[in-house]
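Note that the sequence shown ends on residue 251 in the working numbering; no numbers are left out. First the structure, in the form of structure tokens, and then the observations on it.
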Amino acid sequence: MNIALIGYGRMGREIEQIALERGHKVGLIIDINNAEDLNKENLKDIDVAIEFTIPSSAMNNYKTCFDAGIPVVSGTTGWLDKREEVENYCNKKGAAFFYASNFSLGVNLFFDLNRKLARLMKPFEQYKASMTEVHHTRKLDAPSGTAISLAEDLMKETDSLKKWENNETDDENSLGIISLREGEVPGIHTVKYDSDIDYIEITHSAKTRKGFAFGAVMAAEYSAGKKGILTMKEMLNIED
12 MNIALIGYGR MGREIEQIAL ERGHKVGLII DINNAEDLNK ENLKDIDVAI
62 EFTIPSSAMN NYKTCFDAGI PVVSGTTGWL DKREEVENYC NKKGAAFFYA
112 SNFSLGVNLF FDLNRKLARL MKPFEQYKAS MTEVHHTRKL DAPSGTAISL
162 AEDLMKETDS LKKWENNETD DENSLGIISL REGEVPGIHT VKYDSDIDYI
212 EITHSAKTRK GFAFGAVMAA EYSAGKKGIL TMKEMLNIED
């Protein structure tokens, strides 16, 4: 495949390395210094774009690629209030869009475990659910996109929970998410069910960013030549 990398920070460089190791070509690299080079002409020989940028630029990046008929794999978070608009535009243009809050294979298996544990805990109202997420100090958004995905899945299975909030809470109808920013931590996510007599806890800890980059390249391989809205659950054959 001939890949366009949109965003060339630490994650972009990790993705480039893995893509090359897997026999792909990186034909276009877009960063803040050459954003104007993301155009239909430069995308004409590209098979798929992998986009890891910031929320303020993501929408324009997606639409430019869709206009050129290029599938987009994106891990940018913080723009999900416009998700319906993005997906409608993608479908209108007959393109493909693969979004994941986290491309780590382990995290996506953890998502499945979180959903299944939430179903098991549903009858036991004495347990109060909460979450903690820890990331490096350069991560700007809080809670993380991964934490929001975990929270939304948990809430779908828990009748009493109506919302999440980014702090501790005693509100029985609210899921508290604690966000910590420390050092060089790639990402730690913990879901906890606490009662007066015991607690149940599941945790995913990333060791390096390579897991995220590897999953993004796998998603690009999966997306090439496809149309529509694509997900990690489909790619990994995860069933609810």
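Glycine is no exception: its CB is placed at the ideal position from the N, C-alpha and C atoms. All values reported here derive from a predicted model rather than from experimental measurement.
Quick check: does the Cβ of S68 come within less than 6 Å of any heavy atom belonging to the ligand NAP? The ligand NAP is absent from the structure shown, which contains no ligands of any kind.
So, helix, strand or coil for T157, using DSSP? helix
Going straight from the alpha carbon of M142 to that of A158, what length do you get? 8 Å
Is it buried or exposed, N72, if we count other Cβ atoms within 10 angstroms and call 16 or more buried? buried
Output the distance between the C-alpha atoms of E27 and I240, rounded to the nearest integer angstrom. 24 Å
Report back the beta-carbon spacing between T75 and N50 to the nearest angstrom; my notes put them in contact at under 8 Å. About 7 Å separates the two Cβ atoms, so the contact holds.
Apart from the five residues just before and just after K93, which ones in its own chain have a Cβ nearer than 8 Å to its Cβ? M70
Just tell me which of P82, S67, V228, K139 has its CA closest to the CA of Y252. Missing from the structure shown is residue 252; the chain here goes from 12 to 251 and no further.
What is the C-beta distance between R220 and E47, in whole angstroms, given that I count them as a contact (C-beta under 8 Å)? R220 to E47, Cβ: 28 Å. No contact.
Going by other Cβ atoms of all chains shown within 10 Å of its Cβ, with 16 needed for buried, is I208 buried or exposed? exposed
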